[in-house]
Amino acid sequence: MRLGVLTSGGDCAGLNAVIRAVVRRADTYGFQVVGIHKGTHGLLTRPVEAVPITSADVSGLVGRGGTVLETTNKGDPFAYPDGNGGLIDRSADIGNGYHELGLDALIGIGGDGSLAILDRLARRGGWNLVGIPKTIDNDVGHTETAIGFASAVAVATEALDRLDVTAASHSRVMVLEVMGRDAGHVALHAGIAGGAHVILIPEIEYDIDTVCSYLERRRSRGHNHSLVVCAEAIKEPAGDRRLNTLAQGERRYGGVGERIAEAIAMRTGAETRVTVLGHVQRGGSPVAADRVLASAFGVAAVDLCAEHRFGRMVAWQHRRVIDLPIEDAIGSYQAVELDDTMVTTARGLGITFGDT
Ligand code: F6P
Numbered sequence: 170m171r172l173g174v175l176t177s178g179g180d181c182a183g184l185n186a187v188i189r190a191v192v193r194r195a196d197t198y199g200f201q202v203v204g205i206h207k208g209t210h211g212l213l214t215r216p217v218e219a220v221p222i223t224s225a226d227v228s229g230l231v232g233r234g235g236t237v238l239e240t241t242n243k244g245d246p247f248a249y250p251d252g253n254g255g256l257i258d259r260s261a262d263i264g265n266g267y268h269e270l271g272l273d274a275l276i277g278i279g280g281d282g283s284l285a286i287l288d289r290l291a292r293r294g295g296w297n298l299v300g301i302p303k304t305i306d307n308d309v310g311h312t313e314t315a316i317g318f319a320s321a322v323a324v325a326t327e328a329l330d331r332l333d334v335t336a337a338s339h340s341r342v343m344v345l346e347v348m349g350r351d352a353g354h355v356a357l358h359a360g361i362a363g364g365a366h367v368i369l370i371p372e373i374e375y376d377i378d379t380v381c382s383y384l385e386r387r388r389s390r391g392h393n394h395s396l397v398v399c400a401e402a403i404k405e406p407a408g409d410r411r412l413n414t415l416a417q418g419e420r421r422y423g424g425v426g427e428r429i430a431e432a433i434a435m436r437t438g439a440e441t442r443v444t445v446l447g448h449v450q451r452g453g454s455p456v457a458a459d460r461v462l463a464s465a466f467g468v469a470a471v472d473l474c475a476e477h478r479f480g481r482m483v484a485w486q487h488r489r490v491i492d493l494p495i496e497d498a499i500g501s502y503q504a505v506e507l508d509d510t511m512v513t514t515a516r517g518l519g520i521t522f523g524d525t
C-alpha cells in the first residue's frame with residue numbers, strides 16, 4: 170500500500186511522534202508512506218507538495234515538538250480564498266492531488282474542524298481516510314484524550330507552579346489565561362494540577378462578584394495570595410467573549426485574563442498580574458503520555474489501513490485504542506460537562522468556578 174500522512178489544524182506537541190509511529194508501523198507491512206506538506210494545502214499545489222518518508226527519516230522524532238510536515242489552520246477547501254476577495258470550492262483539486270500521488274489511503278491527523286473537512290473531502294473525492302485526533306483543546310468527541318492535550322496541561326501546570334511562588338512573594342492575585350478555544354479542559358485540568366483557587370471555564374457561567382467574595386474570604390483567612398486560571402473563551406465580566414480580529418481577518422480569543430485581573434483589582438483592592446500563556450502551550454517537547462498516545466494511535470491507524478477499514482478515527486477509551494466512524498466523533502463535540510469528574514473534583518477541593 171501507499172499511504173499519505175498529513176497534519177492539519179493548529180500544531181501541538183506529539184505530532185511528530187504520530188508521524189514516526191505511522192512510518193514505523195507501515196514499514197513492518199512493507200507499505201510506503203508519503204508525507205504531505207501543510208495539511209491539505211500540499212494537495213492543492215502543483216506539483217503536489219509531498220515527499221516519501223522512511224523509517225530513517227523519522228529517527229529521533231518521538232520527542233520533538235511541532236510537526237516536520239508543517240500544518241495550517243486556515244483555508245477551508247470548500248470555501249477557499251480566490252485571491253480576489255471571493256471564495257471558491259477547491260475540493261476537486263485536492264481530490265486530484267490525492268489521486269496524483271497514487272495513494273491507497275490517507276492518514277489525517279487533526280482536530281474536530283480538520284477531521285470534518287477531511288471526511289467531507291474523502292467522501293466527495295472517493296478516497297480512503299483514517300483519522301487521528303489531536304488537539305490541546307481535547308474537544309473531539311468519543312475519545313477521552315487527544316494528542317497534545319497532556320502536554321498543554323503540563324505547560325499550564327508548570328506556569329501555575331511558577332506563578333504560585335511569585336504570587337506568595339508579593340501577596341498578589343495571579344491570573345493565568347490558557348487556551349482551549351470553546352472548551353475549558355486545559356484550564357480545568359491545569360487548575361487542579363497547579364493548585365489554582367479559581368477556575369473559570371466557558372461551560373460554567375461565573376459571576377465576578379462571587380469570584381471576588383471568594384478571594385476576599387481567602388485573604389481574611391490569612392492567605393496572602395491566590396491563583397486564578399481562566400480559559401480564553403470565557404465571557405468578560407461585562408458579558409462578552411473577547412475575540413480579536415487578526416490582520417488576515419481571522420478571529421481568535423485572547424485578552425480576557427486582563428479584564429478579569431482588572432475587575433478583581435477594582436473590587437477587592439488586591440494587586441493583580443496577568444500571564445497569557447498562548448502558544449507556549451502548543452510548542453516544546455511532548456510529555457511521555459502524549460508520546461505514548463501518539464505511538465498507539467499511529468500504529469492503530471496503519472493497522473486500520475491494512476485491514477481496509479476506512480472512514481474510521483482512532484480513539485482512546487477505557488485504557489485502550491478503539492476506532493469509530495469519523496462522522497460520529499466529529500458529530501459529538503466534547504465540551505466540559507457539568508457533572509465531569511474533574512468539575513466534581515475541583516469543587517471537592519474547594520476550588521470555585523465563580524458560580525456559587
Ligand atoms: O485549537 C487549538 C488552539 O490552540 C486553540 O486553543 C486556540 O484558540 C487556537 O488554536 C489558536 O489558533 P492560532 O494558532 O491560529 O492562533
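So for the sequence shown, the numbering used here puts the first residue at 170; every next one is plus one.
All C-beta atoms in this analysis are idealised placements derived from N, C-alpha and C, irrespective of residue type, glycine included.
Quick caveat: nothing in here was measured; it's all calculated off a predicted structure.
Problem set entry | Contact the segment 229-248 vs the segment 185-199: 3+ CB pairs below 8 Å | When C-beta atoms of the segment 229-248 are compared with those of the segment 185-199, three or more pairs fall below 8 Å, so the two segments count as touching.
For this session: Grab me the residues of residue 434's own chain with a C-beta within less than 6 Å of its C-beta, minus the 5 sequence neighbours each way, in chain order.
Result: Around residue 434: 441.
Exercise. Hey, out of 338, 351, 399 and 499, whose CA is closest to residue 359's CA?
Worked result: Considering only alpha carbons, the answer is 399.
For this session: Please name the residue, chosen from 256, 295, 252 and 244, that lies closest to residue 267 on a Cα-to-Cα basis.
Result: Checked all of 256, 295, 252 and 244; the closest Cα to residue 267 is 295.
Exercise. Quick one, which of 460, 497, 524 and 508 has its alpha-carbon nearest residue 318's?
Worked result: Ranking 460, 497, 524 and 508 by CA distance to the CA of residue 318 puts 460 first.
Exercise. Of all the options 396, 415 and 421, which has the alpha carbon lying nearest to the alpha carbon of residue 430?
Worked result: Comparing alpha-carbon positions, the option among 396, 415 and 421 lying closest to residue 430 turns out to be 396.
For this session: Name the residue from 291, 227, 463 and 306 whose alpha carbon lies nearest to the alpha carbon of residue 264.
Result: Nearest to residue 264 by C-alpha distance, out of 291, 227, 463 and 306, is 291.
For this session: Would you mind reading off the limits of the beta strand (DSSP E) that contains residue 395?
Result: Segment 395-400, the beta strand (DSSP E) holding residue 395.
Problem set entry | Rounded distance between the beta-carbons of residue 483 and residue 492, thought under 8 Å | About 5 Å; that satisfies the 8 Å criterion.
Exercise. If you check the beta carbons only, do residue 466 and residue 449 fall under 8 Å apart?
Worked result: By the CB criterion at 8 Å, residue 466 and residue 449 fall outside the cutoff.
Exercise. Which residues mark the beginning and the end of the alpha helix (DSSP H) in which residue 511 is found?
Worked result: Taken as a continuous stretch (DSSP letters only), the alpha helix (DSSP H) holding residue 511 covers 510-517.
For this session: For residue 191, name the three-state secondary structure that DSSP assigns.
Result: In this structure, residue 191 counts as helix in the three-state DSSP scheme.
For this session: Return yes when the Cβ of residue 348 is within less than 8 Å of the Cβ of residue 342, no when it is not.
Result: Not closer than 8 Å, so no.
For this session: Reducing DSSP to helix, strand and coil, say where residue 450 ends up.
Result: Residue state, collapsed to three classes: helix.
For this session: Identify the continuous beta strand (DSSP E) that holds residue 215 and give its terminal residues.
Result: Under the DSSP assignment, residue 215 falls outside any beta strand (DSSP E); it carries neither an H nor an E label.
For this session: Check residue 369 in the structure and name its three-state DSSP category.
Result: It is a strand residue.
Problem set entry | Helix, strand or coil at residue 489 [DSSP, three-state] | Under the three-state reduction of DSSP, residue 489 is assigned to strand.
Exercise. Going by other Cβ atoms of all chains shown within 10 Å of its Cβ, with 16 needed for buried, is residue 413 buried or exposed?
Worked result: By the neighbour-count rule (16 or more Cβ atoms within 10 Å), residue 413 is not buried but exposed.
Exercise. Between the segment 247-264 and the segment 298-306, are three or more C-beta pairs nearer than 8 Å?
Worked result: No: fewer than three Cβ pairs fall under 8 Å.
Exercise. When the distance is taken between beta carbons, is residue 507 closer than 8 Å to residue 316?
Worked result: For residue 316 and residue 507, no; Cβs fall outside 8 Å.
Exercise. Straight-line CA distance for residue 275 to residue 333?
Worked result: Per the coordinates, the alpha-carbon of residue 275 lies some 45 Å from the alpha-carbon of residue 333.
For this session: For residue 401, verify whether its CB is less than 7 Å away from any heavy atom of the ligand F6P.
Result: Answer for residue 401: yes, Cβ within range of the ligand F6P.
For this session: Just grab the DSSP bridge partners of residue 204 for me.
Result: Residue 204 pairs with 174 and 220.
Problem set entry | Cβ pair residue 201, residue 312 closer than 8 Å | It is not a contact, given that the beta carbons lie outside the stated cut-off.
Problem set entry | Between the CA atoms of residue 288 and residue 377 - distance to the nearest angstrom | Spanning the two alpha carbons is a distance of roughly 41 Å.
Problem set entry | Rounded C-alpha distance that separates residue 323 from residue 216 | C-alpha separation (whole angstroms): 40 Å.
For this session: Starting from residue 301, follow the alpha helix (DSSP H) in both directions and report where the run begins and ends.
Result: Premise fails: residue 301 lies in the beta strand (DSSP E), 298-302, not in any alpha helix (DSSP H).
Exercise. Among all the DSSP beta bridges, which residues are the ones paired with residue 494?
Worked result: Beta-bridge analysis with DSSP links residue 494 to 481.
For this session: Consider the C-beta atom of residue 305 and the heavy atoms of the ligand F6P; say whether any pair is separated by less than 7 Å.
Result: Within the cutoff, so yes.
Exercise. Smallest Cα separation from residue 470: which of 411, 259 and 297?
Worked result: Minimum Cα-Cα distance from residue 470 among the listed residues 411, 259 and 297 corresponds to 297.
For this session: Measure the alpha-carbon distance for residue 422 versus residue 403 and round it to whole angstroms.
Result: For residue 422 and residue 403, the gap between their C-alpha atoms comes out near 9 Å.
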